[in-house]
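Right, one structure below, let's go through it.
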Amino acid sequence: MNTYGNDRKTVPFVPADILIPKTGLEKWAIVACDQFTSEPQYWRDVTAYVGGAPSALKITLPEIYLSDDDVSDRIAEINDRMREYLSGGIFEEYKGSMIYVERTLHDGLVRRGIIGAIDLEQYDYAPGSSAAIRATEGTVIERIPPRVKIRRGAPLEIPHAMVLFDDPDNTVIGPLTCETGSESGSELYSFKLMMGGGSVRGRRLTDAEIAGVTDALYTLMEANQSENPMLFAVGDGNHSLAAARQCYLANPTEANRYALAEIINIHDMALEFEPIYRVLFNVDPTNVIEELIAEDTADRRAHSVSYVCASGEGEVRIGAGSALAVGAVQDFIDRYLERHPDAMVDYIHGLEVARYLSREKGSVGFIFESMRKDELFPAVLKDGALPRKTFSMGEAQSKRYYLEARRIDPAEDY
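Mapped onto this note's numbering, the consecutive letters of the sequence shown carry residue numbers 1080 to 1493.
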């Protein structure tokens, strides 16, 4: 029997005091910082488009710059700019709110979600966790400190996290539409996103709708009869949430206990699981493939994987040490990097981009099938976190854009 008890206050998703810029949303909203990590031109184009306008670009740190020498200066500038935006009155604040969001993707499909705050006391990224909110993939501990460094001195959070729940009957989001909000005057935004991101609409939920969302989530929890039921699985933004939890533990204020996120039904028709491809750089592609084949024995070659390099493409079958092809590829890459410290790996969203990068001199990429959506919750419940970067919820331009923000408490010693 589950351990939630008969109390809707145990639902780890609550209303929040949400900040939205009053104007200029087309230049404000940018894609998640962990996208286009091997495409500096993308970020140069974003910077040129934004110009001198207020923008989430100026209060986030795209991961492509994490290894630059001036990271500490960038973080200080980010925190200063956050304070400038807060004092400058660019935001409208919506107290005690949830926001219903419709994101029209570049292919015309509409992904539906709800913005609110998840309870970090009920989140745990550790493998084998029994928390109500769990990571879907292995957390790379080394990736948490840079995010902590950014967040600990920040007076704002601005999220790209997308958190999944398993609702086959669509009881949580199904009753909601943007049309209701347009008629009642509660629509908060509707605009086109930059750089081919499609468009987005959002409206503030009524108190009755918030109660309906909470009741539906509570019913999902109650329907799970396992001893330690999982309500939410973090699809995107797990490392950011891990950093948020670490900052909360170090500075345990009520504001820091929560993290803004968008929750999405895993059965949403517009939600697609895309593979995250691997591209090795600064390598001899022939040597990589030879080592891959040499270390595997015939009886362990369970997964078919394609490789791409400057000289052409091919297919290999690799080991069954992992239930998923991506896990087998990652296992090999981890071992290869230990033997070849000059080599580097990047995790690429989008087949076209992966093929392009793989054809560069000194590079080789691996292409494979994605896991199915209906495999996710059973896999996490059974085996714990999946291999890191197992899947992506859509290609890069379909990821969540930074838009809504929330006040948090910076560390006093910052």
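Backbone N, C-alpha and C define an ideal beta-carbon position, used for all residues, glycine too. This one's a predicted model, so the numbers in the text were calculated from it and none came from an experiment.
One question on the structure: do residue i and residue j come within less than 8 Å of each other, judged by their Cβ atoms?
i: Gly1429; j: Gly1207; result: no
i: Tyr1337; j: Ala1196; result: yes
i: Leu1199; j: Arg1324; result: yes
i: Ala1240; j: Lys1478; result: no
i: Ala1302; j: Ser1176; result: no
i: Gly1281; j: Leu1267; result: yes
i: Ile1487; j: Ala1321; result: no
i: Arg1226; j: Ser1319; result: yes
i: Met1472; j: Asp1315; result: yes
i: Ala1312; j: Arg1190; result: no
i: Leu1178; j: Leu1243; result: A small correction: the amino acid at residue 1178 is Ile; Leu does not occupy that position in the sequence shown. No, these two residues do not count as a Cβ contact at 8 Å.
i: Tyr1204; j: Thr1218; result: yes
i: Thr1211; j: Leu1299; result: Just to set this straight, residue 1211 is Ala in the shown sequence, not Thr. Cβ distance not < 8 Å, so Ala1211 and Leu1299 don't count as in contact.
i: Thr1116; j: Glu1142; result: yes
i: Arg1213; j: Val1459; result: yes
i: Val1180; j: Gly1192; result: yes
i: Pro1420; j: Ala1340; result: no
i: Ala1127; j: Ala1329; result: no
i: Tyr1480; j: Val1279; result: yes
i: Leu1403; j: Pro1457; result: no
i: Ser1209; j: Asn1307; result: yes
i: Val1395; j: Ile1368; result: yes
List the endpoints of the continuous beta strand (DSSP E) containing residue i.
i: Tyr1144; result: No beta strand (DSSP E) contains Tyr1144, which DSSP labels as neither H nor E.
i: Phe1360; result: Phe1352 to Phe1360
i: Ala1214; result: Ile1212 to Ala1214
i: Pro1094; result: First-last for Pro1094: undefined, no H or E at that position.
i: Glu1172; result: Phe1170 to Ser1176
i: Tyr1204; result: Here Tyr1204 belongs to no beta strand (DSSP E), and DSSP marks it neither H nor E.
i: Leu1339; result: Tyr1337 to Asn1344
Considering only residues of the same chain and omitting the five flanking positions on each side of residue i, which have a CB-CB separation below 8 Å?
i: Ala1422; result: Leu1359, Phe1360, Asn1361, Val1362, Tyr1415 and Leu1416
i: Ala1407; result: Ala1381, His1382, Val1384, Ile1397, Gly1398, Ala1399, Gly1400 and Ser1401
i: Arg1434; result: Val1387, Gly1444 and Ile1446
i: Ile1220; result: none
i: Asn1249; result: Asn1344 and His1346
i: Pro1119; result: Ile1143
i: Ala1132; result: Gly1103, Lys1106 and Trp1107
i: Glu1353; result: His1428, Gly1429, Ser1449, Phe1470, Ser1471, Met1472, Gly1473 and Glu1474
Going along the chain, which residues of its own chain have a beta-carbon closer than 7 Å to the beta-carbon of residue i, five neighbours each way excluded?
i: Met1161; result: Ile1138, Ala1233, Pro1234 and Leu1235
i: Glu1288; result: Leu1255
i: Lys1468; result: Glu1216, Ile1355 and Tyr1426
i: Arg1153; result: Leu1140 and Tyr1144
i: Asp1378; result: Unreliable positioning characterises Asp1378 in this predicted model, as indicated by a pLDDT of 48, which lies under 50. A coordinate reading is not provided.
i: Ser1437; result: Val1358, Val1387, Cys1388, Val1443 and Gly1444
i: Gly1229; result: The sequence as given places Ile at residue 1229; Gly does not occur at that position. Cβ neighbours of Ile1229 beyond the five flanking positions: Leu1140, Ile1154 and Ile1157.
i: Ile1223; result: His1318, Ala1321, Ala1322 and Gln1325
i: Phe1411; result: Leu1371 and Ile1397
i: Tyr1327; result: Leu1199, Asn1335 and Arg1336
For the alpha helix (DSSP H) containing residue i, list its first residue and its last residue.
i: Arg1191; result: Segment Val1189 to Asp1198 is the beta strand (DSSP E) holding Arg1191; no alpha helix (DSSP H) there.
i: Tyr1327; result: Asn1317 to Ala1329
i: Asn1494; result: Because the chain is modelled from 1080 through 1493, residue 1494 falls outside the range shown and cannot be assessed.
i: Thr1089; result: Run containing Thr1089: none; DSSP gives neither H nor E here.
i: Tyr1435; result: Leu1430 to Ser1437
i: Glu1118; result: Careful: Glu1118 lies outside any alpha helix (DSSP H) and carries neither H nor E.
i: Leu1104; result: Leu1104 to Trp1107
Note down, in chain order, each residue of its chain lying with its Cβ closer than 6 Å to the Cβ of residue i, except the 5 sequence neighbours on either side.
i: Val1090; result: Thr1293, Leu1296 and Tyr1297
i: Gln1114; result: Ala1475 and Lys1478
i: Arg1054; result: Residue 1054 lies beyond the stretch modelled for the chain, which goes from 1080 to 1493, so this question has no answer here.
i: Leu1482; result: Ala1108
i: Ile1252; result: Arg1191 and Asn1344
i: Thr1494; result: Because the chain in this structure spans residues 1080 to 1493, residue 1494 falls outside the shown range and cannot be described.
i: Ala1484; result: Leu1098, Leu1235 and Ile1237
Practice problem: Assess, as a yes-or-no matter, whether the region 1356–1373 is touched by the region 1271–1282 under the definition of 3 or more beta carbon pairs within less than 8 Å. | Solution: Under the Cβ criterion (8 Å, minimum of three pairs), the region 1271–1282 does not count as touching the region 1356–1373.
Quiz item: What are the complete beta strand (DSSP E) segments, minimum 3 residues, inside the region 1226–1307?
Solution: Counting only runs of at least 3 residues, the region 1226–1307 fully encloses the following beta strand (DSSP E) elements, listed from N- to C-terminal order: 1241–1244, 1266–1271 and 1278–1283.
Exercise. Go through the region 1447–1475 residue by residue and report every complete run of the beta strand (DSSP E) that reaches 3 residues or more, in order.
Key: Taken in chain order, the unbroken stretches of beta strand (DSSP E) that lie wholly in the region 1447–1475 and span 3 residues or more are 1470–1472.
Exercise. Run through the region 1367–1423 for me and flag every whole alpha helix (DSSP H) of 4 or more residues, listed as ranges in chain order.
Key: Secondary structure within the region 1367–1423: the alpha helix (DSSP H) runs of 4 or more consecutive residues, fully enclosed, are 1404–1418 (chain order).
Exercise. Could you say if the region 1155–1171 and the region 1098–1110 meet the contact criterion of at least three C-beta pairs nearer than 8 Å?
Key: Taking 8 Å as the limit for Cβ pairs, the verdict is that the region 1098–1110 does touch the region 1155–1171.
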